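Residue numbers (the UniProt record's numbering): 1 to 350. Heads up, the beta-carbon is just placed ideally off N, CA and C, and yes, glycines get one too. For clarity, every value in this text was computed on a predicted model and none was experimentally measured.
In structure tokens, the structure reads:
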């Protein structure tokens with residue numbers, strides 16, 4: 001017997017498998033009124049182990065907070081305009097750890113230091129967090145972040161660094177003594193995060209964003225301002241997680257982002273998940289393997305509106321992941337010879 005799925009836009013899918021005795025009257029399974037199935041008939045009607053595993057994966061996916069819609073950005077001019085608006089945030093995301101920030105942004109060093117004081121004070125949850133060259137870092141998880149402001153207005157951005165940015169300065173015994181083991185340890189941590197198996201940096205991102213919300217509220221004393229979360233790669237995943245757990249919700253612009261395990265969103269406000277289409281913007285170059293990790297696990301998906309665009313086809317897939325801004329500029333300049341296919345946007349409404 002097969003597994004039937006009933007999906008509606010406003011409710012999760014419900015699974016009905018008549019192969020399990022108890023889902024229907026025994027008489028229905030046996031095929032006769034009032035007849036009871038034999039043990040052999042019950043056994044033959046039960047699904048195989050593979051069928052049960054597939055049904056379990058589909059049920060987890062149906063009951064998680066994500067639903068998908070696919071749109072077409074057929075107008076090249078509109079597509080280039082959208083990318084041009086996102087480009088300054090992408091350049092900002094790629095600049096963390098470089099020692100400077102691009103125009104039109106300026107660092108807000110006092111906020112970075114105030115956040116570290118809050119996160120580490122007393123019996124702080126994150127004793128290894130510190131400030132290095134204006135960037136908040138954690139030598140244990142590789143987490144990194146910094147606060148910047150638009151030089152002409154009260155637009156604040158909390159930028160999360162890609163995996164491993166927090167290890168820029170040796171902080172642990174492994175970093176200082178067993179140098180050869182450090183890249184391996186970083187790779188394991190980043191890999192587990194990328195496939196939704198480790199949330200070491202996600203919780204730090206959530207707490208940092210929440211503390212910054214409170215800090216801005218106190219410091220600006222009612223002045224109009226905005227706060228946006230930005231990140232690339234693992235930093236993009238951190239930004240999504242923090243934005244959807246914030247109260248009130250925050251907006252995030254992320255680039256070449258890794259994804260999440262939905263089990264981690266059980267405590268996220270349901271209103272935030274319902275609005276993820278409008279809160280999260282994801283940008284990635286076609287051919288980048290990292291966003292493609294979405295779906296590697298049955299519960300590993302993305303949030304918000306995802307914009308996939310063509311980049312420079314002469315570059316490899318690692319370049320497409322590491323240099324998203326360069327590919328955005330390439331698309332904005334409109335090299336028609338390599339942009340025959342329209343960009344598509346996949347919307348995951350959480």
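Spatial distance of residue i from residue j (CA atoms)
i	j	result
residue 229	residue 48	46 Å
residue 83	residue 90	10 Å
residue 152	residue 265	36 Å
residue 113	residue 158	13 Å
residue 97	residue 321	17 Å
residue 331	residue 129	38 Å
residue 144	residue 160	6 Å
residue 70	residue 276	At residue 70, the pLDDT of 42 sits below 50, so the modelled position is not reliable and the matter cannot be decided from this model.
residue 127	residue 329	40 Å
residue 253	residue 283	8 Å
residue 111	residue 92	17 Å
residue 341	residue 257	Only weak support is given to the placement of residue 341: the predicted model assigns it a pLDDT of 49, under 50, and the value that follows is read from those uncertain coordinates. Their Cα atoms are separated by approximately 22 Å.
residue 65	residue 146	Any reading at residue 65 needs caution, since the residue's pLDDT is 47, under 50, leaving its predicted position unreliable; the model's value is listed next. Cα-Cα distance, rounded: 30 Å.
Residue burial classification, residue i (beta-carbon count within 10 angstroms, cutoff 16)
i	result
residue 94	buried
residue 216	buried
residue 31	Confidence is the limiting factor: at residue 31 the pLDDT is only 44, short of 50, which leaves the residue's position unreliable and the question unanswerable from this model.
residue 281	buried
residue 222	exposed
residue 219	exposed
residue 314	exposed
residue 291	buried
residue 300	Here the model assigns residue 300 a pLDDT of 49, short of 50, so the residue's position is not dependable and the matter cannot be decided.
C-beta contact flag for residue i and residue j at 8 Å
i	j	result
residue 231	residue 239	yes
residue 138	residue 234	no
residue 317	residue 287	yes
residue 325	residue 87	yes
residue 80	residue 334	yes
residue 109	residue 142	no
residue 150	residue 104	yes
residue 148	residue 207	no
Cβ-heavy atom distance, residue i to the ligand GDP, below 7 Å
i	result
residue 130	Ligands are entirely absent from the displayed structure, and the ligand GDP is therefore not among its contents.
Selected residue, minimal CA-CA separation from residue i, among the options
i	options	result
residue 210	289, 225, 249	249
residue 273	283, 256, 291, 245	245
residue 224	75, 304, 156	156
residue 154	141, 106, 103, 226	226
residue 247	305, 150, 270	270
residue 115	214, 99, 76, 278	214
residue 140	304, 99, 201	201
Quiz item: In the region 237 to 266, which residue ranges form an unbroken beta strand (DSSP E) of at least 3 residues, counting only runs that do not cross its ends?
Solution: The qualifying runs are 251 to 255.
Self-check item: Ranges of the beta strand (DSSP E) found wholly within the region 85 to 137, counting only runs of at least 3
Solution: 105 to 107, 129 to 132, all fully within the region 85 to 137.
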